[in-house]
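Undergrad: Numbering (mature numbering (1 follows the signal peptide of the UniProt record, and there is no 0)), first residue to last: -20 to -1, 1 to 160. The beta-carbon is built from N, C-alpha and C at its ideal position, and this holds for glycine as well. Let me begin by handing over the structure; questions about it come next.
Right under this line is the structure:
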């Protein structure tokens, strides 16, 4: 009986030790938020009075261990810049499908965040700070300048640089810019 108890105890400890080693090796921080906003529009930007906007924000913070601390017990963590992917979908009518979609990818700053608004005439880019504004925007490849003025807004996919009034620059990738 004593041997049976020791055998069962040994099996329990061995199986718990085996399952304890099955940890997720990805230490990165990843989360998703979804916001649905229905707003009434009084301007001539749209042909309808009510628009539904779905904004999906994916935040990914990659984390890696310091290569110099390899094989050490307490390794230092290196935090990489937080990558944000925002997908905005607009619905102009009462059907189940969204009429327009665009995806923005950029590295988040510690001081501010970017806010995007889709219009018929392009994309308006603002910041969430009252004293910080977009100074210049340009395409990385063709170096064509853009702004938030009605006829000079960004209307295509591509890689852009956003320069703010305090001199900071943000690399922005716009993809999936389409009417559905």
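#1: Measuring only the C-alpha atoms, how far is residue 106 from residue 113?
#2: For residue 81, which option in 145, 66 and 138 has the closest C-alpha, if you only look at C-alpha atoms?
#3: Given a threshold of 16 other Cβ atoms within 10 Å of its Cβ, counted over all protein chains shown, does residue 102 qualify as buried or as exposed?
#4: CA-CA distance, residue 197 and residue 12?
#5: Any idea if residue 165 is buried or exposed, counting beta-carbon neighbours within 10 angstroms, 16 or more meaning buried?
#6: Measuring CB to CB, does residue 46 end up less than 9 Å from residue 31?
#7: Can you find at least 3 beta carbon pairs, one from the segment 143 to 154 and one from the segment 114 to 124, that sit closer than 8 Å?
#8: Grab me the residues of residue 38's own chain with a C-beta within less than 6 Å of its C-beta, minus the 5 sequence neighbours each way, in chain order.
#9: Give, in chain order, every unbroken run of the beta strand (DSSP E) that is at least 3 residues long and sits entirely within the segment 14 to 56.
#10: Just the Cα atoms here: how many angstroms apart are residue 151 and residue 120?
#11: Only counting the same chain, and skipping five residues up and downstream in sequence, which positions put a Cβ closer than 6 Å to that of residue 97?
#12: Which residue marks the beginning of the beta strand (DSSP E) containing residue 83, and which one marks its end?
#13: Between which two residues does the beta strand (DSSP E) carrying residue 64 extend?
TA: On the basis of the coordinates in this document:
#1: Position 126 of the chain shown, counted from the start, is the residue given in the question as residue 106. Position 133 of the chain shown, counted from the start, is the residue given in the question as residue 113. Straight-line Cα distance between these residues: approximately 6 Å.
#2: Against the chain shown, residue 81 aligns to sequence position 101. Measuring from the Cα of residue 81, the nearest candidate turns out to be 66.
#3: Residue mapping note: residue 102 aligns to position 122 of the chain shown, counting from 1. Residue 102 comes out buried.
#4: Summary: the structure shown does not reach residue 197, with the chain confined to residues -20 through 160, and so no result is reported for it.
#5: An answer regarding residue 165 cannot be provided, because it is not within the stretch -20 to 160 covered by the chain.
#6: Walking along the chain shown from the start, residue 46 turns up at place 66. Walking along the chain shown from the start, residue 31 turns up at place 51. It is not a contact, given that the beta carbons lie outside the stated cut-off.
#7: yes
#8: Here the question's residue 38 lines up with position 58 in the chain shown. These residues qualify, in order along the chain: 12 and 65.
#9: 30 to 41 and 43 to 45
#10: Taking the chain shown and counting its residues from 1, one reaches residue 151 at position 171. Taking the chain shown and counting its residues from 1, one reaches residue 120 at position 140. Their backbone Cα atoms lie some 9 Å apart in a straight line.
#11: Looking up residue 97 in the chain shown gives position 117. Only 104 meet the Cβ criterion.
#12: The sequence position of residue 83 within the chain shown is 103, counting from 1. Secondary structure note for residue 83: its beta strand (DSSP E) is the uninterrupted segment 80 to 87.
#13: Here residue 64 refers to the residue found at position 84 when the chain shown is read from its first residue. Counting along the chain, residue 64 sits inside the beta strand (DSSP E) bounded by residues 63 to 71.
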